[in-house]
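Undergrad: Position one of the sequence shown corresponds to residue 5 (our numbering), numbered consecutively onward.
Quick reminder that beta carbons are idealized off the backbone N, C-alpha and C, glycines included.
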Amino acid sequence: MLVASVTSAQQGAPSLDAILASFRGVEGMELRFREEKRIALLSVPAISEGTVHYMRPGRLARRTTSPSPQVVLIDGDELRMSEGGRVERIDLAAQPVVRSFVDTFSELLRGDRAALERVYRVQFTPREGANWTLTLAPRASPLDRFLREIRFEGEGTSLRTMVMTEVSGDVTTTTFSDVNTRRRYTAAEAARVFSLQ
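1. Please classify residue 51 as buried or exposed, where buried requires at least 16 other C-beta atoms within 10 Å of its C-beta.
2. Look at the Cβ atom of residue 32, then the Cβ atom of residue 110, and state whether they are nearer than 8 Å.
3. Comparing C-alpha positions only, which one of 167, 150 and 149 sits nearest to residue 157?
4. For residue 42, which residues of its own chain have a beta-carbon under 7 Å away from its beta-carbon, when the five flanking residues on both sides are left out?
5. Starting from residue 111, follow the alpha helix (DSSP H) in both directions and report where the run begins and ends.
6. Quick one: what's got a C-beta closer than 7 Å to residue 9's C-beta in the same chain, skipping five residues either side?
7. Would you mind working out which of 107, 134 and 113 sits nearest residue 186, comparing C-alpha positions?
8. With 16 other CB atoms within 10 Å as the buried threshold, where does residue 132 fall?
9. Have a look at residue 37 and residue 163 and give me their C-alpha separation to the nearest angstrom.
Rendered as structure tokens:
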């Protein structure tokens, strides 16, 4: 069930359906990220930076450049990761919790409301202008044993932040910049970007 918070000052503000429809029109996206993970056992946050690449219908590549090179690829039911010369493959169909985490970002970019609502209680809050907040809280186990909520903030189809709060109290805040929602990957670019090289 969708819960929408709307005030009189927000008349004409974006709706969830309008935002998701806009995402469905995005063929490719490239953005920079800065991730700050605050873990209860650590006195300082773990910080990483890099780029995220998306190509419809659901290819994702996260290329971390700092503190050390890492590539994570998502394509269909497989997640592949390369770090320090080591390659790991995860069958997402056999890992429902990991699959839920992974699918959330792809489902948002695909504009797939039904898929989001199958897994999460969805709260959409329009803000001033084209700004919005989307909060996703897991509906059931096993995901709700690990994740409290994921909150996205954006302007139109331009993502600004993603905040993931775990049941443990750990919080991961990802800030996006240099968002290009009109990215078109040539065959040669796609072969390079969506690879473990």
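TA: Looking at the coordinates:
1. exposed
2. no
3. 167
4. 49, 174 and 175
5. 100–114
6. Confidence in residue 9 is poor, its pLDDT being 38 and thus under 50, which makes the residue's placement unreliable; the coordinate value appears in the next sentence. Within the same chain, residue 9 has close Cβ partners 129.
7. 113
8. exposed
9. 10 Å
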